[in-house]
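The sequence shown begins at -5 in the numbering used here and counts up by one. For glycine and all other residues, C-beta sits at the position ideal for the given N, C-alpha and C. Since the structure is predicted, the reported quantities are computational estimates derived from the model, not experimental observations. Single-structure report; data block below.
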Amino acid sequence: MTYRELEIELMVVQENNSEAEEAFSKLRQDYHEHRKHTDQLESIQRKREILFLEFWGW
């Protein structure tokens, strides 16, 4: 490979890495939001003494 080809490949890899980091960051943020919501729902269930099986009608 020529020096120029290596430079281009490096730029492509850096861009891909940047996009992957952005996607991972979004997934992490979504996970934390969903976890917070789940924790709130579980707290309500405990306070009202709703058993999981009863909640789903099993």
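| Query | Result |
| --- | --- |
| Assumed close pair F49, Q34 - CB separation to whole angstroms, cut-off 8 Å | About 15 Å separates the two Cβ atoms, so there is no contact after all. |
| Coarse secondary structure for T(-4), derived from DSSP in three states | coil |
| C-alpha gap between I44 and E15, whole angstroms | 40 Å |
| L4 in three-state terms, based on DSSP | helix |
| Alpha-carbon to alpha-carbon, V7 and N13 | According to the sequence provided, residue 13 is Glu. The question's Asn does not apply to it. Rounded to whole angstroms, E13 to V7 spans 10 Å at the Cα level. |
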